[in-house]
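Peer 1: Chains G and A, in that order, give the protein sequences.
Each residue of the first sequence is one higher than the last, beginning at 1 in my numbering.
Each residue of the second sequence is one higher than the last, beginning at 272 in my numbering.
Virtual Cβ for every residue (Gly too), placed ideally from N, Cα, C.
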Amino acid sequence: MANMYSKGTKRKFFDSVDAAMDNKAVLYSRQRQSLLDMSLIKLQLCHMLVEPNMCRSVLIANTVRHIQEEMTHDGSWQLVTEAFGGSGPSDHLVATEVLCRSSALEQQGGGPKLYSVMGYDGCREEEVVTDEALCSVTFSDGAPALLGTIDHCWDRAELRMVAVEDRVIKDSGSEVESGEGAKTVMGQVFGTFEIKNGAPGSDPALEELFSAVDASYYDLDTMLTSIQSTPKMGPYNLLDSMASSHGPTSNSSCRTDLSELDHIMEIIVGS
Amino acid sequence: MGEDTESSKVNHSFLRDYVTEADVISTVEFNHTGDLLATGDKGGRVVVFQRETVPKGELEQVGETGESGEYNVYSTFQSHEPDFDYLKSLEIEEKINKIRWLPQQNAAHFLLSTNDKTIKLWKVSERDKQPEGYNLKDEEGRVKDISTVTSLQVPVLRPTDLMVEVRPRRVFSNGHTYHVNSISVNSDGETYLSADDLRINMWHLGITDRSFNIVDIKPANMEELTEVITAAEFHPHHCHLFVYSSSKGSLRLCDMRASALCDKHTKLFEEPEDPGSRSFFSEIVSSVSDVKFSHNGRYLLTRDYLTAKVWDLHMEKGPVETYQVHDYLRTKLCSLYENDCIFDKFECVWNSSDSVIMTGAYNSFFRMFDRETGRGVTLEAWRETSKPRAVLRTRRIYTGGKRRRGDVGVDSLDFTKKILHMAWHPEENIIAIASTNNLYIFQDRSLNACAHTHTH
Chain G
1 MANMYSKGTK
11 RKFFDSVDAA
21 MDNKAVLYSR
31 QRQSLLDMSL
41 IKLQLCHMLV
51 EPNMCRSVLI
61 ANTVRHIQEE
71 MTHDGSWQLV
81 TEAFGGSGPS
91 DHLVATEVLC
101 RSSALEQQGG
111 GPKLYSVMGY
121 DGCREEEVVT
131 DEALCSVTFS
141 DGAPALLGTI
151 DHCWDRAELR
161 MVAVEDRVIK
171 DSGSEVESGE
181 GAKTVMGQVF
191 GTFEIKNGAP
201 GSDPALEELF
211 SAVDASYYDL
221 DTMLTSIQST
231 PKMGPYNLLD
241 SMASSHGPTS
251 NSSCRTDLSE
261 LDHIMEIIVG
271 S
Chain A
272 MGEDTESSKV
282 NHSFLRDYVT
292 EADVISTVEF
302 NHTGDLLATG
312 DKGGRVVVFQ
322 RETVPKGELE
332 QVGETGESGE
342 YNVYSTFQSH
352 EPDFDYLKSL
362 EIEEKINKIR
372 WLPQQNAAHF
382 LLSTNDKTIK
392 LWKVSERDKQ
402 PEGYNLKDEE
412 GRVKDISTVT
422 SLQVPVLRPT
432 DLMVEVRPRR
442 VFSNGHTYHV
452 NSISVNSDGE
462 TYLSADDLRI
472 NMWHLGITDR
482 SFNIVDIKPA
492 NMEELTEVIT
502 AAEFHPHHCH
512 LFVYSSSKGS
522 LRLCDMRASA
532 LCDKHTKLFE
542 EPEDPGSRSF
552 FSEIVSSVSD
562 VKFSHNGRYL
572 LTRDYLTAKV
582 WDLHMEKGPV
592 ETYQVHDYLR
602 TKLCSLYEND
612 CIFDKFECVW
622 NSSDSVIMTG
632 AYNSFFRMFD
642 RETGRGVTLE
652 AWRETSKPRA
662 VLRTRRIYTG
672 GKRRRGDVGV
682 DSLDFTKKIL
692 HMAWHPEENI
702 IAIASTNNLY
712 IFQDRSLNAC
722 AHTHTH
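1) What is the rounded straight-line gap between the Cα of K400 of chain A and the Cα of A652 of chain A?
2) Check for me: the beta strand (DSSP E) holding V620 of chain A runs from which residue to which?
3) Could you name the residues that DSSP lists as bridge partners for H264 of chain G?
4) Answer with buried or exposed for S418 of chain A, where buried requires no fewer than 16 other C-beta atoms within 10 angstroms of its C-beta.
5) Hey, how far is the Cα of V360 of chain A from the Cα of D354 of chain A?
6) Can you give the Cα-Cα distance for L512 of chain A and G404 of chain A, rounded to whole angstroms?
7) Does DSSP put I638 of chain A in a helix, in a strand, or in coil?
8) For S553 of chain A, which residues from the same chain have a beta carbon less than 8 Å from its beta carbon, with the 5 sequence-adjacent residues on both sides left out?
9) Quick check: what's the CA-CA separation for W393 of chain A versus D432 of chain A?
10) Residues of the region 553-571 of chain A in Cβ contact with chain G at a cutoff of 7 Å, in chain order, please.
11) For V58 of chain G, report the span of its alpha helix (DSSP H) as first-last.
12) Is the CB-CB distance between D575 of chain A and M54 of chain G below 7 Å?
13) Over what stretch of residues does the alpha helix (DSSP H) that includes V556 of chain A continue unbroken?
14) Could you name the residues of chain A that N62 of chain G contacts, counting a contact when the two beta carbons are closer than 9 Å?
15) Answer yes or no: does any C-beta atom of chain G fall closer than 7 Å to that of L361 of chain A?
16) Could you tell me the alpha carbon to alpha carbon distance between D356 of chain A and I367 of chain A, rounded to whole angstroms?
17) Taking its Cβ as the centre, do 16 or more other Cβ atoms sit within 10 Å of G179 of chain G, making it buried, or is it exposed?
18) Spell out whether any CB of chain G is found under 7 Å from the CB atom of E541 of chain A.
19) Taking just the CA atoms, how far does S550 of chain A sit from V128 of chain G?
20) Use the C-beta contact count for G645 of chain A: other C-beta atoms within 10 angstroms, 16 or more gives buried, fewer gives exposed.
21) Could you work out which residues of chain A lie near L40 of chain G, taking near to mean beta carbons separated by less than 7 Å?
22) By how many angstroms is the C-alpha of Q33 of chain G removed from the C-alpha of H73 of chain G?
23) Going by DSSP in three states, N736 of chain A sits in which element: helix, strand or coil?
24) Any Cβ of chain A within less than 7 Å of the Cβ of M71 of chain G?
25) Unbroken beta strand (DSSP E) runs of length 3 or more, entirely within the region 459-528 of chain A: which are they?
26) Rounded to the nearest angstrom, what separates I701 of chain A and Q714 of chain A at their Cα positions?
27) Any contact of the region 555-564 of chain A with the region 531-540 of chain A, i.e. 3+ C-beta pairs under 8 Å?
28) In chain A, what lies closer than 7 Å to R56 of chain G by C-beta?
29) Taking L392 of chain A as part of the alpha helix (DSSP H), name the residues at either end of that continuous run.
30) Have a look at A:D641, A:Q321, A:E352 and A:V499 and flag the residue whose alpha-carbon is nearest the alpha-carbon of E341 of chain A.
31) Assuming T291 of chain A is part of the alpha helix (DSSP H), what are its boundary residues?
32) So is L43 of chain G in contact with chain A if we call contact Cβ pairs under 7 Å?
33) So, for K369 of chain A: in the same chain, excluding its five sequence neighbours on each side, which residues have a beta-carbon less than 7 Å away from its beta-carbon?
34) For G315 of chain A, count neighbouring Cβ atoms within 10 angstroms of its own Cβ and tell me buried if that reaches 16, exposed if not.
35) S706 of chain A to I500 of chain A, Cα distance in whole Å?
36) With distances taken from CA atoms, which of A:V620, A:Y515 and A:S458 is nearest F640 of chain A?
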């Protein structure tokens, strides 16, 4: 345990009781971080051939939230976000209760920016949180009870934070990212259970996906206002006008589509 | 379709031993008289055992009273096939999650079996007569050439060897978006409920294209999901009452007379958390894996990861009895979380008089607790091939103090040998224990328990 303090930092004499407390604090933090990493990996590995067990996923996700809350509470969450250059993740969606807490803290002036429960999207591969940072974690009174349940299997379970980030970044690489609109892994995990129905605007995840798309293309008002003079709006006229208002490249593809549409209409009408 | 199943076999062989995996028993259930015992396995098969009736003469010779026959295979059938959800691009497992028998109304037996998505009603009937002497068909069933028929005969029923026929009578499909974890037949004999992770539906046994949703805990935003339904059961006598358990350790008793949608519980059974013992694993170990009404309908038995609890329906603030199943695992929760064992779902059962409860553990051990004395015993589901009628041994886990011969250390427990599924005969002291692909049936003959086993 003593070698934790040997990484080039000179320390003056301090109380041995404090040393024991700090040792415990560091060990506890490491164990907690390890549990967090393990939980995130378990959730990531959900994508198999068969639909994952929802009860298990929910319980793991709750564990992650619990750790996150505690880490926020004792300030170590701030250290983690700072290590990652903090600004990106705050844009991402977070679980509601976490969001409420973070906004309350921000009102107090510079509370920690919280990760979404899952999404490490956009977090860059930064330096690992050093032992020194962990050493300075404050040790809350409630934790001793927790230590008892975390046994010495942690040595085997220890995961390097960088390795975890790599994995998470790779997994999230294929997702749609658009500012606030990135899907969270939580959404992914529970999203597979959902059948997204077609009702527009009913699904927030879908809304995010399409938020980057210029919706005005399909807006009737926009269309009509851009069409100055055409009196009758048959289906082909509409398409013509839409095509013409969107530049040459889209025009040509619309033209081919139109000819196909003509062909189909002929078949239907039977002429 | 044949090609599809072929390719799925090839894929799975990388991950698991496909052949034996299919034989793992996933549910066990006696019928209402105890004469029949059904097991379901991961391969979607159902095996029904029947207790052999020992002729009275033999019984008197042996000096025993009552039936004391062994259980032999009565019928085997493929209940569910692997399926594919094209919308989500996910496989639907054929594993039988639950079997429930219907109360017998005529000579045939009916059972409900379910996988993750579809519930089926099967009719098991015996045929010991066969019609013979058809005019238009020959003995093999081929159509006769009419010109060869010279006279008329009346077909007669002739006795044949006993045949057990199993036919699907109803298929209740498309009722569940999530995985079905429980089915329970109502005491009215006409309806049953099926529960998945987020919803509970009530069906009429005769109607397959409609079901009523009676509980829905799905949040509007799935990212806010923190609790799921883990088990549900109808009250044994009151057809309007049912209970469901959650992953947060709470039980909700619902009365269907109160409203059509029973999202609001009539009673909420919850034990307040002990703040001193709170840990990151507290919630996971409090998740209820099984809930069973007592036969008299006055108590509930629940199983969470480390304990079994008895609740009085009249007292919501906490259980009346708590039994430690394997408390020595409390310090090992981290490892058990790592290897996913902490998510194992153990079942629990009452004996016929509600005086003893039983549940499973690891290392092929299972536990019985006598409610009157509060004492528990650890037994092992273990087959000694040399002795077909072995006596059940009492086992001990060594947790400190004086170590006796035969004590098993906590670190030498085999966590792959889990006793998750079990059943207790409705009237006698006969128990059925499933251990991976083995089924053990133990009968209490006077003071000794005798065993016989079946292997899938």
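Peer 2: Judging by the given coordinates:
1) Approximately 40 Å, taken between the alpha carbons.
2) Judged by DSSP secondary structure, V620 of chain A falls within the beta strand (DSSP E) whose first and last residues are C619 to W621.
3) Just to set this straight, residue 264 of chain G is Ile in the shown sequence, not His. DSSP output for I264 of chain G lists no bridge partner at all.
4) Exposed is the call here.
5) Rather than Val, the amino acid found at residue 360 of chain A in this sequence is Ser. Those two C-alpha atoms are separated by around 11 Å.
6) A straight-line Cα-Cα distance of about 53 Å links L512 of chain A and G404 of chain A.
7) Here residue 638 of chain A is Arg; the residue named in the question, Ile, does not match the sequence. Correct three-state label for R638 of chain A: strand.
8) The residues are E544.
9) Annotation: W393 of chain A to D432 of chain A spans about 22 Å, alpha carbon to alpha carbon.
10) Listed by position along the chain: E554, I555 and S558.
11) Where V58 of chain G is concerned, the enclosing alpha helix (DSSP H) stretches over M54 to H73.
12) For D575 of chain A and M54 of chain G, no; Cβs fall outside 7 Å.
13) Its alpha helix (DSSP H) spans residues S553 to S557.
14) Going along chain A in sequence order, the residues near N62 of chain G (Cβ under 9 Å) are T497, E498, S518, K519, E554 and I555.
15) Residue contact check for L361 of chain A against chain G: a CB pair falls below 7 Å.
16) Cα to Cα, the separation comes out at about 17 Å.
17) Because G179 of chain G carries a pLDDT of 33, less than 50, the predicted location of this residue cannot be relied on, and the following value inherits that uncertainty. Classification for G179 of chain G: exposed.
18) Not closer than 7 Å to any Cβ of chain G, the Cβ of E541 of chain A fails to qualify, so no.
19) With a pLDDT of only 36 at V128 of chain G, under 50, the local geometry of the prediction cannot be trusted, and no value is derived from it.
20) Flag for G645 of chain A reads exposed.
21) Residues of chain A passing the Cβ test: none, with the nearest at roughly 13 Å.
22) Spanning the two alpha carbons is a distance of roughly 14 Å.
23) With chain A covering only 272 through 727, there is no way to say anything about residue 736 of chain A.
24) Chain A contact via Cβ: absent.
25) If we require 3 residues or more, the beta strand (DSSP E) runs fully inside the region 459-528 of chain A come out as 462-466, 470-475, 483-487, 500-505, 512-517 and 522-526.
26) Taking C-alpha positions only, I701 of chain A is separated from Q714 of chain A by approximately 4 Å.
27) These segments do not touch.
28) Result: F614.
29) Note, L392 of chain A: premise wrong, no alpha helix (DSSP H); beta strand (DSSP E) at I390 to E403.
30) Of A:D641, A:Q321, A:E352 and A:V499, the residue nearest in Cα terms is A:Q321.
31) It spans Y289 to A293 - the alpha helix (DSSP H) in which T291 of chain A sits, taken as one unbroken run.
32) Chain A places no beta carbon closer than 7 Å to that of L43 of chain G, leaving this residue out of the contacts.
33) The residues are T298, T385, S453 and I454.
34) Classification of G315 of chain A: buried, given that the 10 Å Cβ count is 16 or more.
35) Rounded to the nearest angstrom, the two C-alpha atoms are 25 Å apart.
36) With distances taken between Cα atoms, F640 of chain A lies closest to A:V620.
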